[in-house]
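Counting with the numbering used here, you get residues -14 to 189 for the letters of the sequence shown. All remarks here apply to the structure that follows.
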Amino acid sequence: MPNMFWRFVFLIIYLAFFLVRSRSGIKFQNAEEANDQLKDLDLAAQREGKVSMTLRSILSLVMLLSIVIYVLSPSWLQVFSLSLPLWLRLTGLALSFTTLPWLYWSHLALGRQYSPDLDLKQDHKLITKGPYSVIRHPMYTILIVFMISISLFSASTLILVPHLAAIILLLLRLGKEEAMLIEKFGEDYREYMLKTGRLLPKLN
-14 MPNMFWRFVF LIIYLAFFLV RSRSGIKFQN AEEANDQLKD LDLAAQREGK
36 VSMTLRSILS LVMLLSIVIY VLSPSWLQVF SLSLPLWLRL TGLALSFTTL
86 PWLYWSHLAL GRQYSPDLDL KQDHKLITKG PYSVIRHPMY TILIVFMISI
136 SLFSASTLIL VPHLAAIILL LLRLGKEEAM LIEKFGEDYR EYMLKTGRLL
186 PKLN
């Protein structure tokens, strides 16, 4: 398949993922909640840590730059090419498409409890329905699968390296989020942890 095909599909899937994520987040948030979220940014920064937030901001810019370069495909981009078999790239392509309905379902289940930062609403509720009935952090799972899948079908270290770094930051942030939820919900959350897997369903 020509490189133009992979770049075009890459752009379409990335835009679709971004639209589902951004529109779902806005859909369940009213103006009052948006103002409250702005007030809680300092607390969220304390929970996540300034170093972590700074790294996340820098990495976001690096990822955006790598995406733009990959899509524009300058002649020197071949330096970053990975020799991956077609079946592996197609597997990555298929996986990336499957993340879209799962992402929407997760946002739908979470509703107005969603926040991109480590903060909680005053009347925050513990969500245990939909994908949250078997996995505590389905959005993290979806993000990880998405970043791995597009790295595979792009077959470029320019995409692979920053996305792997983003996965590492996500996993480091996950522990902080669980600590925040345990502090908020106490024994209810501990019981929820016994019934569900962190990123994958429990086998037993």
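For each residue, glycine too, the CB sits at the ideal point set by N, CA and C.
Closer than 7 Å by C-beta to residue i: which residues in its own chain qualify, once you throw out the five before and the five after it? Chain order, please.
i       : result
Phe170  : Leu111
Asp173  : Leu111
Val130  : Leu80 and Thr84
Ile152  : Ile129 and Met132
Pro186  : Val119 and Ile120
Phe65   : Ser141, Thr142 and Leu143
Arg(-8) : Tyr55, Val56 and Ser58
List the endpoints of the continuous alpha helix (DSSP H) containing residue i.
i      : result
Leu88  : Leu71 to Leu95
Ser51  : Lys35 to Leu57
Arg175 : Glu172 to Lys180
Whole angstroms are fine: how far does the CA of residue j sit from the CA of residue i?
i      : j        : result
Leu69  : Tyr55    : 17 Å
Ala150 : Phe2     : 19 Å
Tyr177 : Arg74    : 37 Å
Leu143 : Leu95    : 33 Å
Pro101 : Leu88    : 14 Å
Leu71  : Asn(-12) : 12 Å
Leu190 : Arg97    : What is shown of the chain runs -14 to 189, which leaves residue 190 out entirely.
Gln63  : Ile127   : 29 Å
Leu49  : Ser136   : 14 Å
Met124 : Lys35    : 23 Å
What is the C-beta distance between residue i and residue j, in whole angstroms, given that I count them as a contact (C-beta under 8 Å)?
i     : j      : result
Tyr99 : His109 : In fact, because the Cβ distance is near 11 Å, the residues do not count as touching under 8 Å.
Ser37 : Leu184 : Not really, about 19 Å apart at Cβ, beyond 8 Å.
Leu78 : Val5   : That pair is no contact at about 17 Å.
Can you list, in chain order, the residues of its chain whose CB lies under 6 Å from that of residue i, leaving out five sequence neighbours each side?
i       : result
Val47   : Pro147
Ile(-2) : Ser81
Leu(-4) : Val56
Lys114  : Ala94
Val53   : none
Ser134  : Gly77, Leu80 and Ser81
What does a CB cutoff of less than 8 Å around residue i pick up in its chain, not counting 5 residues either side in sequence?
i      : result
Ser118 : Thr181
Leu40  : Leu154
Leu67  : Ala140, Ser141, Thr142 and Leu145
Q | Runs of alpha helix (DSSP H) lying entirely within the region 117 to 149, each at least 4 residues, in chain order | A | 123 to 139
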